[in-house]
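Asker: Under full-length UniProt numbering, the letters of the sequence shown match residues 1 to 219, in that order. Below is one structure. I have some questions about it.
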Amino acid sequence: MSKPVVHLFHLGVDEKNRDSFYQVGMENFQTSYEEEAGTLAMYASSLKENPLEYKVFEVYADEVAYQSHRTSLHYQSYVEQVGSKLTKREVYEVEALFLEEKLPSGVWLGAEKYFLKFAQIQVEAGSEKAFERSVLLNMQTSIKEEVGVLAMYAVKDSQQSNRYYFYEVYASAKAYEDHRLTPHFQRYISETQDLVEEKNLQDLENSIAISKGQLAFSS
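Encoded structure:
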């Protein structure tokens, strides 16, 4: 498939607007899932350490699909109702490296749906190719061999080529712990430990998620 368009945000709301943020967001995601063929996956996931902040991760088939979503009535309604109430809005300019799912097509609501991890990793300048080679092999092997690894998404910062973001979906916390013990994950850690300058790992909880299912892209 051609390279999908990915958008990544860090959003914040205050307690009094949390319910409306969820309700309007759910309507936006649900309608996007039902009406937009080019909207492939969308996640709004709260930070476990701060449930009023969210990582929002979106995948579109191409730029046309993204612009179609942006101009839709349900998205405009979301912006009007929620935009001015956000306490934080950080935008990450990213490009897709690896996006692969074993998820079925569906809509998932609530924290009991799956086990989610987010990582931001910065490597030494000049070591990007070596890092990408190792991490992508690990992700490909994980998707292929581990039943509990349901989706792995890797994107690269468009403004800073040695910074990467990872959004990962596991069937359960045990599936994640099992993943960390695999030979391919241990090999990835060994191969990249001297390349990594900064690593920020975050535990997420699902709020709203949609996927058309079976997404498969590797750069």
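Where a beta carbon is used, it is the ideal one built from N, C-alpha and C, also for glycine.
Roughly how many angstroms lie between the CA atoms of A130 and Y43, to the nearest whole one?
Answerer: Looking up residue 130 in the sequence shown gives position 130. Looking up residue 43 in the sequence shown gives position 43. Going from the Cα of A130 to the Cα of Y43 covers about 29 Å.
Asker: At which residue ranges does the UniProt domain "ABM" (115-204) contain complete beta strand (DSSP E) runs of 3 or more residues, listed in the order of the chain?
Answerer: Look at the UniProt domain "ABM" (115-204) and you find these whole runs of beta strand (DSSP E), each 3 residues long or longer: 115-123, 149-157, 163-170.
Asker: Could you name the residues of the same chain whose beta carbon sits closer than 6 Å to that of S127, not counting the 5 residues immediately before and after it, in chain order?
Answerer: On the sequence shown, residue 127 is found 127 positions in, with the first residue counted as 1. The answer, listed in chain order, is L195.
Asker: Whole angstroms are fine: how far does the CA of A216 sit from the CA of Y66?
Answerer: Counting from 1 along the sequence shown, the entry for residue 66 is found at position 66. Counting from 1 along the sequence shown, the entry for residue 216 is found at position 216. Answer to the nearest angstrom: the Cα atoms are 18 Å apart.
Asker: Please report the residue range of the alpha helix (DSSP H) in which T31 lies.
Answerer: Position 31 of the sequence shown holds residue 31. Residues 18-35.
Asker: Sort F29, S2, E35 by Cα distance to V56 and report the nearest one.
Answerer: Your numbering for residue 56 matches position 56 in the sequence shown. Considering only alpha carbons, the answer is F29.
Asker: Just verifying my parser: in three-state terms, what is the DSSP assignment at S77?
Answerer: Sequence index remark: in the sequence shown, residue 77 carries index 77 (1-based). The three-state reading of DSSP puts S77 in helix, counting H, G and I together.
Asker: Starting from the Cα of E15, find the closest Cα among L204, S72, V91, T87 and give me that residue.
Answerer: What you label residue 15 is simply residue 15 of the sequence shown in a count that begins at 1. Nearest neighbour of E15 by Cα position, chosen from L204, S72, V91, T87, turns out to be T87.
Asker: Just how far apart, CA to CA, sit V94 and Y167?
Answerer: The count along the sequence shown starts at 1 and reaches residue 94 at position 94. The count along the sequence shown starts at 1 and reaches residue 167 at position 167. Cα to Cα, V94 sits roughly 13 Å from Y167.
Asker: Suppose you measure from the CA of K174 to the CA of F118; what does that come to, to the nearest Å?
Answerer: Taking the sequence shown and counting its residues from 1, the one referred to as residue 174 is at position 174. Taking the sequence shown and counting its residues from 1, the one referred to as residue 118 is at position 118. So the two alpha carbons sit approximately 17 Å from each other.
Asker: Select from K156, K3, K144 the residue whose C-alpha is nearest the C-alpha of H184.
Answerer: Walking along the sequence shown from the start, residue 184 turns up at place 184. Comparing Cα positions, the closest option is K144.
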